[in-house]
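In my numbering, the protein residues as written are 251 to 451.
What follows is a single structure, written as structure tokens, with notes after it.
What follows is the structure in structure tokens.
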């Protein structure tokens, strides 16, 4: 559980970072930056907890998560404004890929803890992985990246989630399965983006 908590915190930070970048690209003020970062960091986990009927929500239980995003918004806003020239879609894609891997595996683990069937657990991982980015793009008046670039995104999470579940079934150490699967998801997403691999086109 300590490792899952660490992974969840890392996922929140990465998600918030992508929210900071997108909000600054849209020239939002401090309130906008915080709101977009908050939605990106907590959107997927919130929907997961609602679907799993888990109360209170994970960020309500750990108010330090929300406080951390607030503090980071104060620091990140002027920093990203200063570094605006290097803030590009590439950084958002990289942050999204890392967040996708971490959030997805955290979602699968939460579903397994709730004794969900394996397929449902895998789908909870996908939802946790993609929904924060979807909510971020909608708030920023963009067609969500997962729906518009034609590259595998949710599929990367789905495959990585089953890799994690399979490794557990075959007796791999839990921590090794967690990190390996998160790395697989992030790496696969970046490969599909780098080589412009598309589906349905």
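Virtual Cβ for every residue (Gly too), placed ideally from N, Cα, C.
Model, not experiment: these values are computed from the prediction.
For residue i, which residues in the same chain have their Cβ closer than 7 Å to its Cβ, ignoring the five residues on either side in sequence?
i           : result
residue 372 : 358, 408, 411, 412 and 415
residue 307 : 296 and 299
residue 351 : 410, 432, 433, 435 and 436
residue 348 : 264 and 436
What do you get for residue i, buried or exposed, if any count of 16 or more other CB atoms within 10 angstroms of its CB means buried?
i           : result
residue 426 : exposed
residue 280 : exposed
residue 400 : exposed
residue 384 : buried
residue 398 : exposed
residue 258 : buried
residue 402 : buried
residue 286 : buried
residue 320 : exposed
residue 305 : exposed
residue 355 : buried
residue 365 : exposed
To the nearest angstrom, report how far apart residue i and residue j are at their CA atoms.
i           : j           : result
residue 423 : residue 342 : 32 Å
residue 439 : residue 311 : 31 Å
residue 256 : residue 446 : 32 Å
residue 282 : residue 420 : 46 Å
residue 278 : residue 253 : 35 Å
residue 329 : residue 270 : 10 Å
residue 386 : residue 370 : 24 Å
residue 431 : residue 314 : 27 Å
residue 293 : residue 266 : 11 Å
residue 390 : residue 275 : 10 Å
residue 303 : residue 362 : 14 Å
Does DSSP put residue i in a helix, a strand or coil?
i           : result
residue 425 : helix
residue 270 : helix
residue 393 : coil
residue 447 : coil
residue 315 : helix
residue 275 : helix
residue 197 : The structure shown does not extend to residue 197, since the chain is modelled only from 251 to 451, so the question has no answer here.
residue 303 : coil
residue 400 : coil
For residue i, which residues in the same chain have their Cβ closer than 6 Å to its Cβ, ignoring the five residues on either side in sequence?
i           : result
residue 316 : 309
residue 346 : 268 and 383
For residue i, would you say it is in contact with chain B, using Cβ-to-Cβ distances shorter than 8 Å as the test?
i           : result
residue 343 : Among the chains of the structure shown, chain B does not appear; only one protein chain is present.
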